[in-house]
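Plus 2 on top of the position in the sequence shown (first one is 1) and you've got the working numbering. For glycine and all other residues, C-beta sits at the position ideal for the given N, C-alpha and C. The structure displayed is predicted, hence computed values, not measured ones. Quick notes on the structure that follows.
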Amino acid sequence: MDMQVAAERADQILDDVLQEIKPSVRWVHGPTTTGSCTVTRRRTVMTVVSAGRRGSLLGVVDRHWKREGFRLRLINSHADAPAMYAETKDGFAVSLIVADKGQVHFDVLSPCVRPSAVADSASRATAPLDPEAEFIPRPNIHSDFWSGGGG
């Protein structure tokens, strides 16, 4: 497997988990990065996920990853910044991290693969992002469900 194939596999992992989240959340691509033999794909959720709904979101992702046969490596239950880390059967490291202002990030890191060029993801983001933006802004899309109180 080369970096491009690994990037496509990472995109599939990300696409699959984001499609499991109902009602759907809106997201943008984070930067793709490469190491000497790895590639990382990222997605940042632009839907506001309230503190009261974060547990529900983590539960959806946890159940999906388990159904897919992922091995959970670590769950951080911190109230403000929960996170989950897992590994796929084929060695990809996956994570969900809730960061500042409740912004949810999904990352997939490939195992060591053959170096190659890596094209941009073919997956279409579901939230708008100014192409001139230097940074991804804080979540700014309201959802009646995900942005609500919950709990």
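Item: Enclosing alpha helix (DSSP H) for Q7 [first to last residue]; Value: Looking at the sequence provided, one finds Val at residue 7 rather than Gln. Where V7 is concerned, the enclosing alpha helix (DSSP H) stretches over M5 to E22.
Item: Contact under 8 Å by Cβ, S112 with T40; Value: yes
Item: Under the three-state DSSP convention, the category H31 falls into; Value: strand
Item: Simplified DSSP state of R44, which is helix, strand or coil; Value: strand
Item: Buried/exposed call for P33, threshold 16 Cβ in 10 Å; Value: exposed
Item: Buried or exposed (CB count within 10 angstroms, at least 16 for buried), H80; Value: exposed
Item: CA-to-CA distance, G54 to D102, given in whole angstroms; Value: 15 Å
Item: Bridge partners - D109, DSSP secondary structure assignment; Value: R44 and S97
Item: Proximity winner among V50, L98, D13 and L74, relative to P25 (alpha-carbon distances); Value: V50
Item: Beta-carbon separation (whole angstroms), M5 vs S123, contact threshold 8 Å; Value: 13 Å between Cβ atoms; not a contact.
Item: Classification of P84 by the beta-carbon crowding that lies within 10 angstroms, buried from 16 upward; Value: buried
Item: Beta-carbon proximity check, L59 vs V106, cutoff 8 Å; Value: yes
Item: Distance between beta carbons of S145 and D17, contact taken as under 8 Å; Value: At roughly 19 Å, the Cβ-Cβ gap does not stay under 8 Å, so D17 and S145 are not in contact.
Item: Which of helix, strand or coil DSSP assigns to L74; Value: strand
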